[in-house]
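Peer 1:
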Amino acid sequence: MSDSPDRLYSIAQLEKFQGYSYEFLAHMLNIFVSHSGRTMDDFSEGLKNGNADLIKGSAHRIRPSVEFLEIRDIKEDIRRLDKWPAGFDNEMAGLAEHVSGVLTIVIEQIKADLGTEHWR
Amino acid sequence: MIEQLRIFIVEDDPWYGEILKHHLSLNPDNKVELFPSGSELLKALHLRPALITVDFSLPDMNGEQLYKKIRAVDATVPVIVISGQNDVSTVVELFKLGVADYLIKDESTKDLLWNSVNKIRENLSLKQEVQVLRQQLEDKFDFTNLIKGNSPSMQKIFGLMEKAARSNINVSITGETGTGKELVAQAIHFNSDRSKKPFIAVNMSAIPRELIESELFGHEKGSFTGAFGRKIGKFEEANNGTIFLDEIGELDLSVQSKLLRVLQERELQRVGGNERIKLNVRLIVATHKNLSDEVAKGTFREDLYYRVIGLPVSLPPLRERGSDSLLLARFFLDQYAKENNSRPIGLTAKAKDKLLKYNYPGNIRELKTVIELAAVMSDSTEIEDTDITFTPAGRETDFLNEERSLKDYTQLIIKHYLKKYNNNVMLVADKLDIGKSTIYKLIQEGVIDKDLN
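Protein chains in written order, with our numbering: chain A, 676 to 795; chain B, 369 to 821.
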């Protein structure tokens, strides 16, 4: 079960779990897909309304899963958004848009992998 | 042992919540449930979880607020807070409030949580064990379980013990050796308000005279040669509980005055120390001696006597307890069968008769030994009179077991004394505190041989 080089996420940490199974992996990835969808909705609303707290809160909630799935492209961005010290500004908006873009690709990859039973 | 630990996880991040749930569920003895918010958890608290983990940043309240709400419903359930922030003041505040653990969210959280849950499981297990043992102790020290006796004299003792257990009065227990003085003291303590506090028993006759003061009141480091460190005395150990001073009649006069001061002032100073330590100790003393006689002889302080006498409980010797010896024999036989995993053993009519006639100078302790030996010797389901052997210490009382008339016993005693004192009638009359005419009359009546001289 090795990760493909163009894949933006990794299941290596999940594989370390004792009692690891395909069912567990599929369950966790499905949770991530659904959770990421909500995060992108929150980001979208936060960007529209300039709501920094909504973006920060959403980044805080998704941070553990992003770290767990080792989504390196946005790991640092999510950390910065979670700890964002100021109010809404262009830099925050840029980070949120980048995170949303990467999450969209990751969700597509996960769905494809689950659909083709790539991890079995 | 805790069989299944019901763990509630409060985590608004479903991903992280599932990770923790999966990880903790690897132990099949954990039953893990996940809650997405504080309010959802509060609705389920009536299910009485054994442990709760709380994410500090929840959508409806923070970890501290939720902790306080949990405590308002359940004062004891351990709560572990898991947080993405490591702000020291928050951590300190939460520990002050009483959280069981605080974990920072990172790669090692699940492993740290695993260890923390295991520690709490062990702790809960120990608490449960203590509770079971405490219950067993309470059952063990129930008056009727501990002390067997249907005789009127023992019923009177039970009444006194109940009065003693309900109050805080000092108790003095007297009785021959083997009558169960310490058991009575334990029963009073374990049925009193102090039952969950220490019961400390000290046998005065077993401690060397030069060590008794340090043993009772403790000492400071360097207070005398060999005092290498501070020692907490028995009185301090018994604080808020009960101290049982057995054989108090053996206490040296110099220590008696110190004991009196401690009892009067309700505080003590360790040997070589200056600190005054407040005491709240219930005192129960026991002795096989008659303390008022000791006061008369000048070996026991009168003021201490009045301080310790409190509620006197005088335990009757077994020979004065009618058929209690059979009741106790039955109890010891059942106990023997249980401890040795053997079949129940009974007593034949002749064996019962033999037990009833014996004098038991060693009282219940002696009866127990006699019964256990008989159980070992017996080859059948019933103990025969021939299986029962009384100990050599009981030989002197064989005399009484002969069950002669008072007249016969009087003659035997006078004959014994006359022989011992070379037929000196005057001396024998003096020794037996009877008139010499009584002896001469018996000689004249031919009851005692004239040729004694």
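Here a beta-carbon is modelled for each residue, glycine too, at the ideal position from N, C-alpha and C.
Anyone know if the C-beta pair for B/Y808 and B/V793 falls short of 9 Å?
Peer 2: Position 440 of the second sequence, counted from the first residue, corresponds to residue 808 of chain B. Position 425 of the second sequence, counted from the first residue, corresponds to residue 793 of chain B. Cβ atoms of B/Y808 and B/V793: closer than 9 Å.
Peer 1: Could you spell out where the alpha helix (DSSP H) holding B/I811 opens and where it closes?
Peer 2: Stepping through the second sequence from its first residue, residue 811 of chain B is reached at position 443. First-last of the alpha helix (DSSP H) with B/I811: 804-812.
Peer 1: Any Cβ of chain B within less than 9 Å of the Cβ of A/G784?
Peer 2: Locating residue 784 of chain A in the first sequence gives position 109, counting from the first residue. Correcting the residue type first, residue 784 of chain A is Gln in the shown sequence and not Gly. Taking a beta-carbon distance threshold of 9 Å, A/Q784 does not count as an interface residue toward chain B.
Peer 1: Under DSSP, the alpha helix (DSSP H) around B/K602 begins and ends at which residues?
Peer 2: As a first step, residue 602 of chain B is located in the second sequence; it is residue number 234 there, counting from the start. Element bounds for B/K602: 602-605.
Peer 1: Suppose contacts are defined by Cβ-Cβ distances below 9 Å. Is B/I488 in contact with B/I472 by that definition?
Peer 2: Taking the second sequence and counting its residues from 1, the one referred to as residue 488 of chain B is at position 120. Taking the second sequence and counting its residues from 1, the one referred to as residue 472 of chain B is at position 104. No, Cβ-Cβ distance for B/I488 and B/I472 is not below 9 Å.
Peer 1: Would a C-beta distance cut-off of 9 Å place B/L492 and B/I515 closer than the cut-off?
Peer 2: Your numbering for residue 492 of chain B matches position 124 in the second sequence. Your numbering for residue 515 of chain B matches position 147 in the second sequence. When the beta-carbon positions are compared, B/L492 and B/I515 stay at least 9 Å from each other.
Peer 1: With a threshold of 6 Å on Cβ separation, who are the neighbours of B/A654 within its own chain once the five nearest residues in sequence on each side are excluded?
Peer 2: Numbered from its first residue, the second sequence carries residue 654 of chain B at position 286. Closer than 6 Å at the Cβ level, and outside the excluded window around B/A654, lie I541, K549, D614.
Peer 1: Starting from A/S740, find everything on chain B with Cβ-Cβ shorter than 8 Å and list it in chain order.
Peer 2: Against the first sequence, residue 740 of chain A aligns to sequence position 65. Going along chain B in sequence order, the residues near A/S740 (Cβ under 8 Å) are D381, W383, Y384.
Peer 1: Can you list the residues of chain B that A/M715 reaches, using a CB-CB cut of under 8 Å?
Peer 2: Position 40 of the first sequence holds residue 715 of chain A. Residues of chain B passing the Cβ test: none, with the nearest at roughly 15 Å.
Peer 1: Is A/Y684 closer than 9 Å to A/L729 when the C-beta atoms are compared?
Peer 2: On the first sequence, position 54 is the one that residue 729 of chain A refers to. On the first sequence, position 9 is the one that residue 684 of chain A refers to. Against a cut-off of 9 Å, the Cβ pair of A/Y684 and A/L729 comes out as no contact.
Peer 1: Using beta-carbon positions only, say whether B/T778 and B/I751 come within less than 9 Å of one another.
Peer 2: Position 410 of the second sequence, counting from 1, holds the residue named residue 778 of chain B. Position 383 of the second sequence, counting from 1, holds the residue named residue 751 of chain B. No.
Peer 1: Which of the three DSSP states, helix, strand or coil, is assigned to A/S709?
Peer 2: Translated into positions along the first sequence, residue 709 of chain A becomes position 34. The three-state secondary structure of A/S709, taken from DSSP, is helix.
Peer 1: Report the start-end ranges of each beta strand (DSSP E) in the segment 387-413 of chain B that is 3 residues or longer and not cut off at the edges.
Peer 2: 398-403
Peer 1: Once the 5 residues before and after B/Y673 are set aside, which same chain residues still bring their CB inside 6 Å of it?
Peer 2: Translated into the one-based positions of the second sequence, residue 673 of chain B becomes position 305. Within the same chain, B/Y673 has close Cβ partners L659, V663.
Peer 1: Quick check: is the beta carbon of B/E408 nearer than 9 Å to any beta carbon in chain A?
Peer 2: Here residue 408 of chain B corresponds to residue number 40 of the second sequence, with the count starting at 1. It does not; no Cβ of chain A falls within 9 Å.
Peer 1: Who are the Cβ neighbours of B/Q637 in its own chain at under 8 Å, not counting the five residues just before and after it?
Peer 2: Stepping through the second sequence from its first residue, residue 637 of chain B is reached at position 269. Result list for B/Q637: F585, E643, R644, I645, in chain order.
Peer 1: With DSSP collapsed to three states, give me the class of A/G721.
Peer 2: Numbered from its first residue, the first sequence carries residue 721 of chain A at position 46. DSSP places A/G721 in helix when its eight states are reduced to three.
Peer 1: Counting only beta-carbon atoms, is A/G712 nearer than 9 Å to chain B?
Peer 2: Within the first sequence, the letter at position 37 stands for residue 712 of chain A. Answer no: the Cβ-Cβ gap between A/G712 and chain B never drops below 9 Å.
Peer 1: Pull the bridge partners of B/P680 from the DSSP assignment, please.
Peer 2: Residue numbering aside, residue 680 of chain B sits at position 312 when the second sequence is read from its first letter. Partner(s): B/S540.
Peer 1: Closest to A/Q784 by CA distance: which of A/F707, A/Q688, A/F692 is it?
Peer 2: For the purposes of this step, residue 784 of chain A is identified with residue 109 of the first sequence, where counting begins at 1. The residue with the shortest Cα to Cα distance from A/Q784 is A/F707.
Peer 1: So what does B/A569 bridge to, in DSSP terms?
Peer 2: As a first step, residue 569 of chain B must be located in the second sequence, where it is residue number 201. In DSSP, B/A569 forms a bridge with B/F612.
Peer 1: Assuming contact is defined by CB atoms lying nearer than 9 Å, are B/K602 and B/I568 in contact in what I supplied?
Peer 2: Here residue 602 of chain B corresponds to residue number 234 of the second sequence, with the count starting at 1. Here residue 568 of chain B corresponds to residue number 200 of the second sequence, with the count starting at 1. The answer is yes: Cβ separation under 9 Å.
Peer 1: Using a Cβ cut-off of 9 Å, pull out every chain A residue sitting near B/S425, in sequence order please.
Peer 2: Position 57 of the second sequence holds residue 425 of chain B. Those are G732, H735, R736, listed as they occur along chain A.
Peer 1: Assuming the contact rule is C-beta atoms closer than 8 Å, B/F700 and B/K725 should be a hit. Round their C-beta distance to whole Å, please.
Peer 2: As a first step, residue 700 of chain B is located in the second sequence; it is residue number 332 there, counting from the start. As a first step, residue 725 of chain B is located in the second sequence; it is residue number 357 there, counting from the start. Not quite, the Cβ-Cβ distance comes to about 18 Å (not below 8 Å), so this is no contact.
Peer 1: Can you give the Cα-Cα distance for B/E432 and B/F424, rounded to whole angstroms?
Peer 2: Taking the second sequence and counting its residues from 1, one reaches residue 432 of chain B at position 64. Taking the second sequence and counting its residues from 1, one reaches residue 424 of chain B at position 56. C-alpha separation (whole angstroms): 7 Å.
Peer 1: On the three-state DSSP scale, how would you describe B/N430?
Peer 2: Here residue 430 of chain B corresponds to residue number 62 of the second sequence, with the count starting at 1. The answer is strand: DSSP assigns B/N430 an E or B state.
Peer 1: B/Q372: buried (16+ other C-beta within 10 angstroms of its C-beta) or exposed?
Peer 2: Position 4 of the second sequence, counting from 1, holds the residue named residue 372 of chain B. Exposed.
Peer 1: Touching or not, the segment 684-691 of chain B and the segment 517-529 of chain B, by the rule of three or more beta carbon pairs under 8 Å?
Peer 2: yes
Peer 1: In three-state terms, what does DSSP make of B/L686?
Peer 2: Sequence index remark: in the second sequence, residue 686 of chain B carries index 318 (1-based). Correct three-state label for B/L686: helix.
Peer 1: Between the segment 684-712 of chain A and chain B, which residues of the former have a C-beta closer than 9 Å to a C-beta of the latter?
Peer 2: Q688, L689, F692, Q693, G694, F699, H702, M703, I706, F707, S709, H710
Peer 1: Candidates B/V400, B/K783, B/K437: which alpha carbon is nearest B/L419's?
Peer 2: Along the second sequence, one-based indexing puts residue 419 of chain B at 51. Ranking B/V400, B/K783, B/K437 by Cα distance to B/L419 puts B/V400 first.
Peer 1: In the structure shown, what three-state DSSP assignment does B/R416 receive?
Peer 2: Here residue 416 of chain B refers to the residue found at position 48 when the second sequence is read from its first residue. In this structure, B/R416 counts as coil in the three-state DSSP scheme.
Peer 1: Return the first residue and the last residue of the beta strand (DSSP E) that B/T655 is part of.
Peer 2: Taking the second sequence and counting its residues from 1, one reaches residue 655 of chain B at position 287. First-last of the beta strand (DSSP E) with B/T655: 650-655.
Peer 1: Just tell me which of B/P684, B/R562, B/R416, B/G406 has its CA closest to the CA of B/R534.
Peer 2: As a working mapping, residue 534 of chain B is identified with position 166 in the second sequence. It is B/R562.
Peer 1: Please return the same chain residues whose Cβ sits closer than 7 Å to the Cβ of A/K731, not counting the five positions on each side in sequence.
Peer 2: Translated into the one-based positions of the first sequence, residue 731 of chain A becomes position 56. The residues L756, D757, W759, in chain order, have a CB closer than 7 Å to that of A/K731 in the same chain once the five nearest residues on each side in sequence are set aside.
Peer 1: Tell me, please, whether the segment 569-588 of chain B touches the segment 498-508 of chain B by the rule of three or more beta-carbon pairs shorter than 8 Å.
Peer 2: no
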